[in-house]
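J.: Just dropping this structure here.
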Amino acid sequence: MIIHNFYFDIDFDGIQWGNNCNELNASYAADGYARMRGIGVLVTTFGVGELSAINGIAGSYAEMVSVVHIVGTLPTASQASGAILHHTLGNGDFLIFANMYKEVTIAHTNLTKTNAIEEIDRVLNECLNKSRPAYIGLAVDLSDHEINVDPLSIEPLKRSLVRNPRDVH
Numbered sequence: 007m008i009i010h011n012f013y014f015d016i017d018f019d020g021i022q023w024g025n026n027c028n029e030l031n032a033s034y035a036a037d038g039y040a041r042m043r044g045i046g047v048l049v050t051t052f053g054v055g056e057l058s059a060i061n062g063i064a065g066s067y068a069e070m071v072s073v074v075h076i077v078g079t080l081p082t083a084s085q086a087s088g089a090i091l092h093h094t095l096g097n098g099d100f101l102i103f104a105n106m107y108k109e110v111t112i113a114h115t116n117l118t119k120t121n122a123i124e125e126i127d128r129v130l131n132e133c134l135n136k137s138r139p140a141y142i143g144l145a146v147d148l149s150d151h152e153i154n155v156d157p158l159s160i161e162p163l164k165r166s167l168v169r170n171p172r173d174v175h
């Protein structure tokens with residue numbers, strides 16, 4: 007299971023976890039949670055999992071709901087080699103499904119060892135400030151990779167009030 011390590015590393019103190027029978031239902035649950043609490047998160051696997059959730063994420067986009075979709079992707083070495091693997095189209099394009107999300111998310115990233123700090127903050131800022139879904143791709147081999155962050159070296163999330171849908175682009 008691609009997202010297995012990430013899931014079991016989550017500290018659930020203060021997090022309300024909900025299990026769903028499929029990814030589409032999970033996307034709707036994250037949407038509902040976000041409407042009540044301000045932001046919702048769902049975690050799916052690469053390929054079939056993220057494709058199953060895209061309808062719910064598109065609905066969140068249309069309704070201006072802040073949902074973060076974290077997708078557990080294939081190991082970076084497998085992606086770099088262009089190997090033909092499960093959950094792919096067999097063409098070596100490991101971003102094909104992630105690219106579909108660019109149409110229904112305000113912010114989109116695939117994390118690397120070097121961009122994680124900046125990209126996580128950027129994506130969360132966009133998601134919260136513009137009340138739209140965001141996409142974070144996390145390769146399975148990076149889920150337990152530690153990053154060094156100096157205290158207070160990163161600005162806190164910037165919260166601004168969106169006046170109406172015409173202000174959001």
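For our numbering, count along the sequence shown from 1 and bump the result up by 6.
Even for Gly, the Cβ is constructed at its ideal location relative to N, Cα and C.
1) In whole angstroms, what is the alpha-carbon distance linking residue 83 and residue 93?
2) Count the other C-beta atoms from every protein chain shown that fall within 10 angstroms of the C-beta of residue 138, then say buried if there are 16 or more, exposed otherwise.
3) Would DSSP call residue 79 helix, strand or coil?
4) Flag this pair as touching only if the stretch 68-83 and the stretch 41-53 have three or more C-beta atom pairs under 8 Å; answer yes or no.
5) Tell me the residue span of the alpha helix (DSSP H) that contains residue 89.
6) Quick one, which of 21, 71, 25, 96 has its alpha-carbon nearest residue 130's?
7) Please return the same chain residues whose Cβ sits closer than 7 Å to the Cβ of residue 108, not counting the five positions on each side in sequence.
8) Return the first residue and the last residue of the alpha helix (DSSP H) that residue 57 is part of.
9) Which residue from 99, 57, 122, 88 puts its Cα closest to that of residue 29?
10) Give the secondary structure of residue 117 by DSSP, where H, G and I count as helix, E and B as strand, and everything else as coil.
11) How many Å lie between residue 16 and residue 91 at the Cα?
12) Please classify residue 95 as buried or exposed, where buried requires at least 16 neighbouring CB atoms within 10 angstroms.
13) Would you tell me roughly how many angstroms separate the C-alpha atoms of residue 24 and residue 45, rounded to the nearest one?
T.: Short version:
1) 16 Å
2) buried
3) strand
4) yes
5) Looking at the DSSP string, residue 89 is not in any alpha helix (DSSP H), and its letter there is neither H nor E.
6) 71
7) 114
8) 54-68
9) 57
10) coil
11) 27 Å
12) exposed
13) 14 Å
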